[in-house]
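In full-length UniProt numbering, the protein residues as written are 1 to 166.
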């Protein structure tokens with residue numbers, strides 16, 4: 001069927017979808033994502049995540065491969081890393097990160113990336129940003145931090161180094 005070989009193969013995958021949007025604050029959502037990240041690092045579980053920024057007109061998707069790419073502890077969002085007071089992000093009368101079109105675009109890009117990964121077609125993005133104001137889609141790959149605070153991330157990094165040598 002088209003460009004996707006073995007399309008029926010998708011029936012053999014188990015996919016978990018965890019929604020953390022609307023938890024209440026950037027910090028609460030970050031703590032939830034860090035918890036998921038820690039569990040995935042411990043299990044060596046590959047996962048993808050997405051987010052919409054507080055201005056509601058930009059977002060991102062990210063593929064996280066323990067040991068190969070940066071985890072949440074390696075590269076936390078600026079608002080968390082810089083210990084920015086969330087109150088400075090909120091403006092009166094503005095509901096942060098609530099523009100449905102932005103969320104729809106980011107969700108669609110995330111689902112497309114998951115399908116490319118599971119069905120092995122196209123180029124899977126490690127990180128793809130979306131800025132609706134400039135129609136800008138930056139891509140990059142973030143390597144893990146060798147001094148990551150998550151011991152399981154460091155362990156996965158060592159495992160990855162050993163497996164890539166062989």
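Each residue gets a CB set at the ideal place from its N, CA and C atoms; glycine is no exception.
| Item | Value |
| --- | --- |
| Give the DSSP-derived three-state secondary structure of residue 118 in the structure shown. | helix |
| Roughly how many angstroms lie between the CA atoms of residue 40 and residue 134, to the nearest whole one? | 34 Å |
| Short of 7 Å in beta carbon distance, which residues of its chain neighbour residue 138, apart from the five on each side in sequence? Order them along the chain. | 129 |
| Count the other C-beta atoms from every protein chain shown that fall within 10 angstroms of the C-beta of residue 10, then say buried if there are 16 or more, exposed otherwise. | exposed |
| Work out the CA separation of residue 74 and residue 149 for me, nearest whole Å. | 7 Å |
| Would residue 165 be called buried (16 or more neighbouring beta carbons within 10 Å of its own) or exposed? | exposed |
| For residue 153 and residue 66, I'd like the C-alpha separation in whole angstroms. | 6 Å |
| Over what stretch of residues does the beta strand (DSSP E) that includes residue 49 continue unbroken? | 47–52 |
| Drop a sphere of 10 angstroms on the beta-carbon of residue 100, count the other beta-carbons inside from all chains shown, and report buried for 16 or more, exposed for fewer. | exposed |
| From residue 79 to residue 43, what does the alpha carbon distance come to, in whole angstroms? | With a pLDDT of only 49 at residue 79, under 50, the local geometry of the prediction cannot be trusted, and no value is derived from it. |
| How big is the Cα-Cα spacing for residue 48 and residue 72? | 12 Å |
| Which value, in whole angstroms, describes the spacing of the CA atoms of residue 33 and residue 107? | 16 Å |
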